[in-house]
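Sequential numbering of the sequence shown, starting at 39, is according to our numbering. Contents: one structure, followed by commentary.
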Amino acid sequence: MLEVLEQSTTLSAIAAFVLGLLIGSFLNVVIHRLPKMLESDWQRQAAEARGEILPVASPYNLMVPRSSCPACGHRIGALENIPVVSWLMLRGRCSACGARISIRYPLIELLTASSCALAVAFFGPTLMGLAAMALTCILIALAFIDFDTQLLPDSLTLSLMWIGLLLNVKGVFAPLEAAVLGAALGYLLLWSVYWVFKLVTGKEGMGYGDFKLLAALGAWFGWSALPAIILLASVVGATIGIGLVLLARHGREVPIPFGPYLAGAGLLTLYFRTPLANLFGLA
Numbered sequence: 039m040l041e042v043l044e045q046s047t048t049l050s051a052i053a054a055f056v057l058g059l060l061i062g063s064f065l066n067v068v069i070h071r072l073p074k075m076l077e078s079d080w081q082r083q084a085a086e087a088r089g090e091i092l093p094v095a096s097p098y099n100l101m102v103p104r105s106s107c108p109a110c111g112h113r114i115g116a117l118e119n120i121p122v123v124s125w126l127m128l129r130g131r132c133s134a135c136g137a138r139i140s141i142r143y144p145l146i147e148l149l150t151a152s153s154c155a156l157a158v159a160f161f162g163p164t165l166m167g168l169a170a171m172a173l174t175c176i177l178i179a180l181a182f183i184d185f186d187t188q189l190l191p192d193s194l195t196l197s198l199m200w201i202g203l204l205l206n207v208k209g210v211f212a213p214l215e216a217a218v219l220g221a222a223l224g225y226l227l228l229w230s231v232y233w234v235f236k237l238v239t240g241k242e243g244m245g246y247g248d249f250k251l252l253a254a255l256g257a258w259f260g261w262s263a264l265p266a267i268i269l270l271a272s273v274v275g276a277t278i279g280i281g282l283v284l285l286a287r288h289g290r291e292v293p294i295p296f297g298p299y300l301a302g303a304g305l306l307t308l309y310f311r312t313p314l315a316n317l318f319g320l321a
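Encoded structure:
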C-alpha cells in the first residue's frame, strides 16, 4: 500500500484528504478544550500559591470526557462524529435536543483536509510533504485558538519550533544555521517591537505567544523568510483591523489577535517563498 502511495501523488493526496478530515475533527477538540485546560491549570497554580486546596475535579483533557452537546449534554456517538458527513446528516442540529451545531466544525475539518491534500500534492508523499501537513495542522489550531481566546499555547508554539529545528538538521526547509538564527531573530524582532511600543504608549501591543510563533516560523524557513512573513502578516492584519473598526464598529481598544495573520503568512511562505521574497524585494 505504501509503495502505491509513493508512486501516485494523486492517490497520496486523496489519502491525505481523508486523513486530514480525521485530524480536523481532532483539531476541533484541541481548539475548544486546550484553552480551558490551560485556564484550569492556571487556577490550580494560583490556588497553590495562595495556599488553597481546590476540590478534585473530574478529568478533563483532549481525550476525556467524550464530546457532548453543550446545550443538553447529549453524548455524541460514533455515528454522530463522522467528519463533515455527520453534520450534514444531522442538518447541523443535535439529534437529542435540536440545538444548532456550529458550521465552523465541518469547515475546520474541510480546511484541514484540503490543506493536507495540498501539502502532499505540492511536495509529494515525502518527508517534506508530511512535515508540511504537520505545520499546516498546528497553524490551523493556533489561528483559531488565538482568534477565540487571544492565546497561543506554548505546548503548540514551542513544539512547532522544535519540530522545525529538528527537520532542518537535515536541511528539509532551510539550512540548520539559518533555522537557528530564524528562531532567535523571530523571537527577538517581535520582542523588541513589543517593548518599544510599550515604552512609547504604556500599552502592550501583542503577547509573548506571537514572539514564539514567529520564532517557530523562523525555525522552519530560516531567518531570510522573516521579513516577508512579518510584512505580509502586518499588511493583512492592519487591513482587516481597519476594516473591522470602520465597518463592523469594532472598538479601537478591543485587541485584535495577530496569531492568525502570522499563521496565514507562514502558510503562504510554505508554498510561495520565492515569489513573496521577490514581491517584497527581499530575494
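Each residue gets a CB set at the ideal place from its N, CA and C atoms; glycine is no exception. Since this is a predicted model, take the numbers as computed values, not measurements.
**Request:** Flag this pair as yes or no: are the beta carbons of Ile178 and Ile201 separated by less than 8 Å?
**Result:** no
**Prompt:** Which term fits Leu65, buried or exposed, when burial requires 16 or more other beta carbons within 10 angstroms of its beta carbon?
**Reply:** buried
**Limits of the unbroken alpha helix (DSSP H) element including Lys236** = 214 to 239
**Message:** Just to confirm, is the Cβ distance from Tyr225 to Lys250 under 8 Å?
**Reply:** yes
**Prompt:** Tell me, which residues are paired with Arg129 by DSSP?
**Reply:** Arg129 pairs with nothing; no bridge assigned.
**Request:** Could you give the DSSP three-state label for Ser106: helix, strand or coil?
**Result:** strand
**Asked** Should Ala254 and Thr187 be called a contact, given that it needs their Cβ atoms to be closer than 8 Å?
**Response** no
**Item:** Length of the line joining the Cα atoms of His70 and Ile183
**Value:** 8 Å
**Prompt:** If Arg129 sits next to Ile114, beta carbons under 8 Å apart, how far is it from one beta carbon to the other, in whole angstroms?
**Reply:** Incorrect: roughly 15 Å between the Cβ atoms, too far for contact.
**Of the residues Val238, Ala212, Thr239, Gly245, the one placed nearest Leu228, counting alpha carbons only** = Gly245
**Message:** When you compare the CB positions of Trp258 and Leu173, do they come within less than 8 Å of one another, or not?
**Reply:** yes
**Item:** Whole-angstrom C-beta distance between Ala181 and Ala301, which should lie under 8 Å
**Value:** 4 Å
**Asked** So, is Ser153 buried or exposed, given that buried needs 16 or more other C-beta atoms within 10 angstroms?
**Response** buried
**Message:** Please report the straight-line C-alpha distance between Ser193 and Cys135, rounded to a whole angstrom.
**Reply:** 35 Å
**Message:** My assumption, with CB atoms under 8 Å, is that Leu92 sits in contact with Val122. Please give the rounded CB distance.
**Reply:** The Cβ separation is near 39 Å, so there is no contact.
**Prompt:** Is it the case that the Cβ atoms of Leu205 and Ala221 are separated by a distance below 8 Å?
**Reply:** no
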